[in-house]
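*Asks:* Residues in the sequence shown are numbered consecutively from 1, following UniProt numbering.
Where is the CB? At the ideal position from N, CA and C, for every residue including glycine.
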Amino acid sequence: MTQSETQWKSPLATLPGAVALEDLEGDVACGVTAHYGDPSGEQWDLEAGRAITDRCDLAVVEVSGPDRLTWLTSISSQVLTGIAPGESRELLIMNPQGHIEHACGAIDDGQTLYLITEASDAQALADWLNSMRFALRVEITISQRWWLLGSIGDSGVSQCDQVALTWNDPWPGIVDGGAAYYQGKHPGESISFHIHLVPRDQACEFWRAWSEAAPKRRAAGIAAWEATRIAAWRPRLGHETDARSMPAELDWLRTAVHTNKGCYRGQEAVARILNLGRPARRLVFLQLDGSRGDLPNPGQFIEVGGRRVGVVTSVARHADMGPIALAVVSRALSPDVVLDLDGVAAAQELIVPIDGKSSVSPKERPGAELHNPDLRRPDVPALGGKSIGGR
Numbered sequence: 001m002t003q004s005e006t007q008w009k010s011p012l013a014t015l016p017g018a019v020a021l022e023d024l025e026g027d028v029a030c031g032v033t034a035h036y037g038d039p040s041g042e043q044w045d046l047e048a049g050r051a052i053t054d055r056c057d058l059a060v061v062e063v064s065g066p067d068r069l070t071w072l073t074s075i076s077s078q079v080l081t082g083i084a085p086g087e088s089r090e091l092l093i094m095n096p097q098g099h100i101e102h103a104c105g106a107i108d109d110g111q112t113l114y115l116i117t118e119a120s121d122a123q124a125l126a127d128w129l130n131s132m133r134f135a136l137r138v139e140i141t142i143s144q145r146w147w148l149l150g151s152i153g154d155s156g157v158s159q160c161d162q163v164a165l166t167w168n169d170p171w172p173g174i175v176d177g178g179a180a181y182y183q184g185k186h187p188g189e190s191i192s193f194h195i196h197l198v199p200r201d202q203a204c205e206f207w208r209a210w211s212e213a214a215p216k217r218r219a220a221g222i223a224a225w226e227a228t229r230i231a232a233w234r235p236r237l238g239h240e241t242d243a244r245s246m247p248a249e250l251d252w253l254r255t256a257v258h259t260n261k262g263c264y265r266g267q268e269a270v271a272r273i274l275n276l277g278r279p280a281r282r283l284v285f286l287q288l289d290g291s292r293g294d295l296p297n298p299g300q301f302i303e304v305g306g307r308r309v310g311v312v313t314s315v316a317r318h319a320d321m322g323p324i325a326l327a328v329v330s331r332a333l334s335p336d337v338v339l340d341l342d343g344v345a346a347a348q349e350l351i352v353p354i355d356g357k358s359s360v361s362p363k364e365r366p367g368a369e370l371h372n373p374d375l376r377r378p379d380v381p382a383l384g385g386k387s388i389g390g391r
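#1: What residue range is occupied by the uninterrupted alpha helix (DSSP H) comprising Ser-131?
#2: Taking only the alpha-carbon atoms, compute the straight-line gap between Arg-208 and Leu-149 and give it to the nearest angstrom.
#3: Just the Cα atoms here: how many angstroms apart are Asp-109 and Glu-42?
#4: From what residue to what residue does the alpha helix (DSSP H) around Gly-41 run?
#5: What three-state label does DSSP hand Ser-158 in the structure shown?
#6: Per DSSP, what kind of secondary structure is Leu-259 in: helix, strand or coil?
#7: Give a yes or no on whether the C-beta atoms belonging to Leu-92 and Ser-74 are separated by under 8 Å.
#8: Just mark Glu-189 as buried or exposed, buried being the case when its beta carbon has 16 or more other beta carbons within 10 Å.
#9: Could you give the DSSP three-state label for Glu-303: helix, strand or coil?
#10: What does DSSP give as the partner residue(s) for Gln-287 in the beta ladder?
#11: Keeping to the same chain, check which residues put their C-beta closer than 7 Å to that of Ser-245; ignore five residues upstream and five downstream.
#12: For the candidate residues Glu-62, Ile-83, Ala-219, whose alpha-carbon lies nearest to that of Leu-15?
#13: Using a threshold of 7 Å, is the CB atom of Arg-282 nearer than that to any non-hydrogen atom of the ligand ATP?
#14: On the CB-based measure, 16 or more other CB atoms within 10 Å of its CB, does Thr-70 come out buried or exposed?
#15: Using only the alpha-carbon positions, how far apart do Phe-301 and Glu-47 sit?
#16: Sorted by chain position, which residues of the same chain lie with C-beta nearer than 6 Å to Thr-241's C-beta, five sequence neighbours on each side aside?
#17: Out of Asp-121, Ala-119, Ala-332, Ala-126, state which residue places its alpha-carbon closest to the alpha-carbon of Leu-113.
#18: Our contact map puts Ala-20 next to Leu-237 with C-beta atoms below 8 Å; I'd like the distance itself, whole angstroms only.
#19: Applying the criterion that 16 or more other CB atoms from any shown protein chain within 10 Å of the CB defines a buried residue, is Ala-224 buried or exposed?
#20: Roughly how many angstroms separate the alpha carbons of Ala-18 and Leu-12, rounded to a whole number?
#21: For Arg-292, count neighbouring Cβ atoms within 10 angstroms of its own Cβ and tell me buried if that reaches 16, exposed if not.
#22: Sorted by chain position, which residues of the same chain lie with C-beta nearer than 6 Å to Ser-143's C-beta, five sequence neighbours on each side aside?
#23: Kindly identify the DSSP beta-bridge partner or partners of Asn-297.
#24: Tell me whether the beta-carbon of Gly-156 lies closer than 8 Å to the beta-carbon of Ala-227.
#25: With residue 394 as the anchor, note down where its beta strand (DSSP E) starts and where it stops.
#26: Looking only at its own chain, which residues have a Cβ that is under 7 Å from the Cβ of Leu-24, when we skip the five neighbours before and after it?
Put into C-alpha cells, the structure is as follows:
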C-alpha cells in the first residue's frame, strides 16, 4: 500500500456538516461519516434515491484467474460457477462446525471476481483464501483502487460513467437454493440495497456528475444507512455475528447459502439445523422505548431474571420508527417478554421462529417413521416396564 493510498480521503468526508463516526471508545472509526447534521432527513432521502452513503467501512478483495469461480464454489456456501458478468451473489465462509467466519457480496466482470466485505475483515479473508489456493490458478489481492458507495432504490448512480460495477444486494429475496426462516411479509421487501465501485481517481468527478444531475441530491451518513438496514432485518458481519454464529440463527440462508450444492466447510451443520430445527440462538428485532434520549450500546448483554439471554447487536434511531435494534437471543426466550435494557424497554418481534424451521425444512424430523409403534413385532416385548430398570 502506497502512502497516497493510506491518505486517500473520500470527497464526501469533507462536505459541510460532516460528523465523523466514533466507536465506543471515542475513536474515529476508519473515516466513516456518521451524518451531515440531518440524520432523519438523510434517511428519507437515502430511501427515496436522492442520497448516497460513503461506505469506506467496506473493502474489496479481488480474485482473478481461470479457476476462481469453481474454486470459490467449492469452499464457500454459494454456487458461483456460471455467474454472468455483472450478476450479484452473496456467500459465507464457515468453519467445519458451521460457524460464520467471513461474509461477502460477490460480483464478477468476466475476468475478476470482486468480493465486497467489511474492511476490518478484508485482511483475514485474503489470508484465508491464500492459504486455500494450493496449485490452483487464482490470485488474491486486497484492492486499494476502489471507492465504495451505498445507495437504495433507483438513485441513478449505476448510470454514471464513473461507476465500474454495482453489487445489487439480493436481501431479503430467497435466491436459488436458499431458504427462509421468517415466512411472513418481510419488512425488507420494499428496500433494495446497492454497493457501487468507483475508481478513486474518479471520485470527485463522479460526485459532481451525480449530485448535479438532479435537484436535491446529497450525501447521507452511515447512521441513515444503518437505520434502514436494521429496519430491513439485514444481518451484517461483525455486528450480528460472533465466533458462534450460524446462518440459520440470522435467517441468512435467504441470500448467502445454496442448500443443494456440493460439499463445503460447515455444510453438515447447516443441513442438520435445516432438517431438525432448534438452533441455539435466534435473531430478533427490537422496538425500543423512545422516552429516554439515550440508546443501548451494541454489545450490551440482555438479562431476564438475572440470567443472560442474549446480546444487542445493532442499534439506530429510525426516522419513522424511532429507536430500533437487532439482537441475538436464546432460542427458548419467550417472544412475549418485554426486555429491560438498562431501563430501556424493548419489545421483541420474531425473525427466526422458536422451532427454527425454515421454508424447506421437512415437516417431520428425518427418521421419525422408524419410531412408529405399529411397526413393532407383537412377539417382542418393549424394553422397560412399570418398575425402574424393568426389562
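*Replies:* According to the data block:
#1: 122-131
#2: 14 Å
#3: 32 Å
#4: 39-47
#5: helix
#6: What sits at residue 259 in the sequence shown is Thr, not Leu. In this structure, Thr-259 counts as coil in the three-state DSSP scheme.
#7: no
#8: exposed
#9: strand
#10: Ile-324, Ala-347
#11: His-99, Ile-100
#12: Ala-219
#13: Among the components of this structure there are no ligands whatsoever, and the ligand ATP is therefore not found.
#14: exposed
#15: 31 Å
#16: Ile-100
#17: Ala-126
#18: Rounded, the Cβ-Cβ distance is 22 Å, inconsistent with contact.
#19: buried
#20: 8 Å
#21: exposed
#22: Val-60, Glu-62
#23: Partner(s): none; Asn-297 has no beta bridge.
#24: no
#25: The structure shown does not extend to residue 394, since the chain is modelled only from 1 to 391, so the question has no answer here.
#26: Reliability fails at Leu-24, whose pLDDT of 47 lies under 50, so the model's placement of it is uncertain and the value that follows must be treated cautiously. So the list reads Asn-297, once near-sequence residues are dropped.
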